[in-house]
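Notes follow the structure.
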Amino acid sequence: MTAAQYVISDSWEMTKRHLRQIPRIPEMFFFSLIQPIMFVLLFRYVFGEAVKVPPGIDYVQYMMVGIFAQSMTFATAGISTGIADDLQKGLIDRFRALPMARSAVLVGRMSSDLIRNLFVALVMIGIGLLVGFRFSNGFLGALGGIGVLALTVLAFGSIGAWIGLMVPNAETANVAGMVWLFPLTFTSNAFVPVQSMPGWLQAWAKVNPVSIIVNACRGLFIGPPHFPVTPAIWQALAWCVGLTLGFGYLAVRQYKRAASR
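With the UniProt record's numbering applied, the sequence shown covers 1 to 261.
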């Protein structure tokens, strides 16, 4: 078995370990759905009429794509808590004593969260269809949008993994894993157009990675003329790949330090 096959095999075993926890702890999956569903109900039936979008755009279409992206970013907070909990319980030390690839622990955690969050995305798409959301850019556009959501999980999950390895315990990770996501998401165009924000906030909202990811998803799910696919798709890919590689590197380096303590 080559080194790459060795890593893939060990990573798959770790992925299965985390996936087996879902039916044992169904609350974990349940609560990852509750928050985005609440946002759907609030923005669809309570705040929807108060939000002004450009003429010709249905707010349900506008809102739902933002909630798809928001649910993917918020769900990655669980990675921080999970990794910190493994460290606190000494599981990292046990894995280190086994004849397995060290990177398999992080890869397995990221892979299992990707699978779980994609299932969350499919459930949210189903809920979106119930409240009036429709794919208006064809089947390939829908697949492309789901692909961007998957890359979003990897990008923000890499940040979450790094945070989980940096904090001293799971309790701190539970807070640290979420506290940065709220301002990042709610200063984006996920729920309201950038043009409706104060001038000083618009400059940030336009370059906010969540805004760029949402723009790409709107282009793929809804399409022109209101939401062109390019250049948003290339900008989103650059952000997702950059965050994944940058924070993935930091997470691996921090994991090696934690494993060598």
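In this text, a Cβ means the ideal position worked out from N, Cα and C, and glycines have one as well.
Cβ pair residue i, residue j closer than 8 Å
i      : j      : result
Gly160 : Ile34  : no
Leu149 : Ala190 : no
Ile67  : His226 : no
Val112 : Leu19  : With the sequence shown as reference, residue 112 is identified as Ser, and Val is not the correct amino acid for it. Yes, they are a contact pair.
Pro209 : Trp239 : yes
Ala236 : Ile222 : no
Ile92  : Ala258 : yes
N- and C-terminal bounds of the alpha helix (DSSP H) containing residue i
i      : result
Gly147 : 138-166
Thr185 : 181-186
Val46  : Careful: Val46 lies outside any alpha helix (DSSP H) and carries neither H nor E.
Phe221 : 209-221
Gln70  : 59-75
Ala121 : 103-130
Leu91  : 91-97
Status (buried if at least 16 other CB within 10 Å, exposed otherwise) for residue i
i      : result
Pro54  : exposed
Gly126 : exposed
Gly38  : As written in the sequence, residue 38 is Met, which differs from the Gly given in the question. Burial call: exposed.
Phe31  : exposed
Phe74  : buried
Arg116 : buried
Arg134 : exposed
Arg253 : exposed
Any non-hydrogen atom of the ligand MN closer than 7 Å to residue i Cβ
i      : result
Ile212 : Looking for the ligand MN in the displayed structure turns up nothing, as the structure carries no ligands at all.
CA-to-CA distance, residue j to residue i, given in whole angstroms
i      : j      : result
Arg218 : Pro36  : 18 Å
Thr152 : Ser158 : 10 Å
Trp204 : Gly128 : 28 Å
Val194 : Glu49  : 17 Å
Does the segment 169-187 come close enough to the segment 79-94 that 3 or more CB-CB pairs lie under 8 Å? yes
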